[in-house]
Amino acid sequence: MLVGVVELAEVWVLFHNVVELGGLEFTQILLVFGLADLCFSLADLSFGHCDRLPTYLRNGALDVFYLRPQPLLLQLITSDVSLRRLARAAVGATALVAALVLNDIDWSAAHVLLLVLALVSGYATFAGMFVWAGGAQFFLIEGAETTNAFVYGGRYAASQPASVWNRPLWAVFGFFFPMAFTGFLPALTLLGLDGPGWLPGWLGWCAPLAAAWTWLLALLSWRFGVRHYQGGGG
Amino acid sequence: MRATVRVYWRLLVAGFRRQSAYLLAAFGGLVANTTFGLLKVAILFATVEAAGGELQGYDVALMSTYIWVSQGLLGSVNLHGGTEIAERIKTGDVAVDFLRPLDVQAASVVTEVGRSLFSLIPRGIPSVLIGALVVGMAAPASPLAYPLGALSVLLGITLSAATVYLLVAAPGFWLVETRGLQVLYMVVSGFLAGLFVPVWLFPGWLQTVAEATPFPAMLMYPVDILSGRADVTAALALLAGQAAWLAGVLLLGQALTRAGRRRLEVQGG
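Below, the structure written as structure tokens:
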């Protein structure tokens, strides 16, 4: 739970110094943070266990999963669901509710639909990131931190106002790993704000596409990884 | 006396050499450092610009130095709370360590420092170089900043190892399972050390809270000296602060080790 509070404090400290960042005020960035952090912590709750894969690979525990007549990925994610991570999701949820109350949102049926779509897609996107990273572990093993750059770096990126990014960052965290679609872009659409110049305001509606794209990456990565795997030896 | 120094020197070298075996891991760390560094550049540069180009003495160039030096130190300054001795205390292997003619605390800290010093080569220096080449950064006004900064980095690394020993490992004599402490350390230390936002941008009360802990002395102080944000006089004061924290943390750690030794229970048979 403290993790979430400290992450929120990091954002808040910046706004202690300035009123507006990347065209967003604190209550508006709170909406970005709430959406992204809630989705991330729920994905972490269910799929975060993929992080343990390098340990299973090294000590051969993964071979046991192969003996059972169930899909490998399903066994991996269900081998440990740590409910203590729920407390962390509470921080994101609180931030989101506070942001929805504090911001002046012109509620309509479309807005509710967008909010639900954003939450479901954001969750799916982060879950896909964990699976993508898991697939890459079959090749990296010791180099597990390489994928952390994008999974946890992605979480960090997702809670930022993406309008401050330069083009290379947009390429990596805007589209390839569609982090901007988990918080920033849906928040802009909900608030009825225009993006930074070249971004149309309706882009937030494309969050499900982003989730589908991430899962394409994830399943490809997982497939390559599993094909590459030749057993733990011994 | 000379023999004692030689033994700990050997432990330092052993830690250094052991870390050199994990090159792929170090590369992964560098990728992570650089990615986070670029994200920090985006958000912190935007903050400085939104404040009118200057914020608490930080302009864009100085902010860049802060970002890349702190990212570079991340592989060496222990802000994750993990340490080998914690596992040895949990399993009871530490009983063997107590039989050796070595101080358990000193041996642990020295080995961890050796590993951290190696990490400067594949993670620390490349992070700073990437930052300097890709983003550009400010250089300190006085060349004295480099030797003072090097000393400060060494003190910061040692202080982090000693603090992890004190706050995460040593309580294991009583608690056995210290994973909770490790996570708590990881969450609090990074924030208060100024890893994501410089401590000097905190609101006043939070700065006071941070300065009441050893965390800024691990990361913020070395970065201030190396970036030239602190001039030579200020740098000397920061170094004195680091030394004082280190002495205090080492003394407390020693006291806990002696008390814990009497309390130690080796699990299992």
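Same order as they appear, the protein sequences are chains D and A. Residue 234 is where the first sequence ends in our numbering, and the numbering goes up by one at each step. Residue 1269 is where the second sequence ends in our numbering, and the numbering goes up by one at each step. All C-beta atoms, glycine included, are put in the ideal place defined by N, C-alpha and C.
Check, Outcome
"With a CB to CB cut of under 7 Å and the five nearest residues on each side skipped, what residues in its chain are close to A/V1168?", "G1081, T1083, A1086, T1178, L1181, Q1182, Y1185"
"Assess contact between the segment 1028–1035 of chain A and the segment 1108–1124 of chain A, defined as three or more Cβ pairs (one per stretch) separated by less than 8 Å. Is contact present?", "yes"
"Residues in its own chain within less than 7 Å of D/V91 by CB, not counting five upstream and five downstream?", "M1, G4, V5, L8, D37"
"Touching or not, the segment 144–161 of chain D and the segment 172–184 of chain D, by the rule of three or more beta carbon pairs under 8 Å?", "yes"
"With DSSP run on the structure shown, which of helix, strand or coil describes A/G1269?", "With a pLDDT of only 49 at A/G1269, under the threshold of 50, the placement of this residue in the model should not be trusted; the figure read from the coordinates follows. Coil, per DSSP."
"Take the Cβ of A/P1140 as the centre, count every other Cβ of all protein chains shown within 10 Å, and call the residue buried at 16 or more, exposed below.", "buried"
"Pick helix, strand or coil for A/E1177, following the three-state DSSP scheme.", "coil"
"For the alpha helix (DSSP H) that contains D/E142, what are its first and last residues?", "Per DSSP, D/E142 belongs to no alpha helix (DSSP H) and is neither H nor E."
"Would you call the CB atoms of A/A1138 and A/L1062 closer than 8 Å?", "yes"
"Note down, in chain order, every chain A residue with its Cβ under 8 Å from the Cβ of D/R160.", "According to the sequence displayed, residue 160 of chain D carries Gln and not Arg. By Cβ distance, chain A contributes L1039, A1042, I1043."
"Could you tell me the boundaries of the alpha helix (DSSP H) in which D/C50 lies?", "From DSSP, D/C50 is part of no alpha helix (DSSP H); its letter is neither H nor E."
"Report yes if the C-beta distance between A/S1070 and A/G1124 is below 8 Å; otherwise report no.", "no"
"So, for A/F1098: in the same chain, excluding its five sequence neighbours on each side, which residues have a beta-carbon less than 7 Å away from its beta-carbon?", "V1104, R1261"
"In the DSSP assignment, find the unbroken alpha helix (DSSP H) run with D/G204 in it and report its ends.", "Neither: D/G204 is in no alpha helix (DSSP H) and is coded neither H nor E."
"Assuming D/L190 and D/L114 make a contact with CB atoms under 8 Å, what is their CB distance in whole Å?", "6 Å"
"Comparing C-alpha positions only, which one of A/L1012, A/F1191, A/L1256, A/L1038 sits nearest to D/W170?", "A/L1038"
"Hey, quick one: how far does the alpha helix (DSSP H) through A/F1118 stretch, first residue to last?", "1104–1119"
"Along chain A, which residues have their Cβ under 7 Å away from the Cβ of D/W165?", "A1042"
"Anything in chain A within Cβ reach of D/L169, meaning under 8 Å, just list it in chain order.", "L1038, L1039, A1042"
"Pick from D/P54, D/R68, D/V131: whose alpha carbon is nearest that of D/W215?", "D/V131"
"Out of D/L86, D/N17, D/A218, D/L31, state which residue places its alpha-carbon closest to the alpha-carbon of D/V97.", "D/L31"
"Rounded to the nearest angstrom, what separates A/E1211 and D/C206 at their Cα positions?", "45 Å"
"Report buried or exposed for A/A1234, applying the criterion of at least 16 other Cβ atoms within 10 angstroms of its Cβ.", "exposed"
"With D/L77 as the anchor, note down where its alpha helix (DSSP H) starts and where it stops.", "The question names Leu, but residue 77 of chain D in the sequence shown is Ile. Start and end: 72–78."
"Restricting to Cα atoms, I'd like to know which of D/F184, D/L203, D/L67, D/T147 is closest to A/T1035.", "D/T147"
"D/V13 touches chain A at which residues, Cβ-Cβ below 7 Å?", "V1197, L1201, F1202"
"Below 6 Å CB to CB, which residues in the same chain sit around D/T182 once its five sequence neighbours on both sides are set aside?", "A36, C39, G122, T125, A158"
"Check whether the Cβ of A/R1018 lies closer than 8 Å to any Cβ atom in chain D.", "no"
"Do A/I1067 and D/Q160 count as a contact pair if the criterion is CB distance below 8 Å?", "no"
"Consult DSSP for A/Y1058 and reduce its assignment to one of helix, strand or coil.", "strand"
"My output table needs one value for D/L24: the three-state DSSP class, helix, strand or coil.", "strand"
"With a threshold of 16 other CB atoms inside 10 Å of the CB of D/Y66, please say whether the residue is buried or exposed.", "exposed"
"Taking Cβ-Cβ distances below 7 Å as the criterion, which residues of the segment 1068–1096 of chain A are in contact with chain D?", "none"
"Would you tell me roughly how many angstroms separate the C-alpha atoms of A/R1017 and A/G1114, rounded to the nearest one?", "8 Å"
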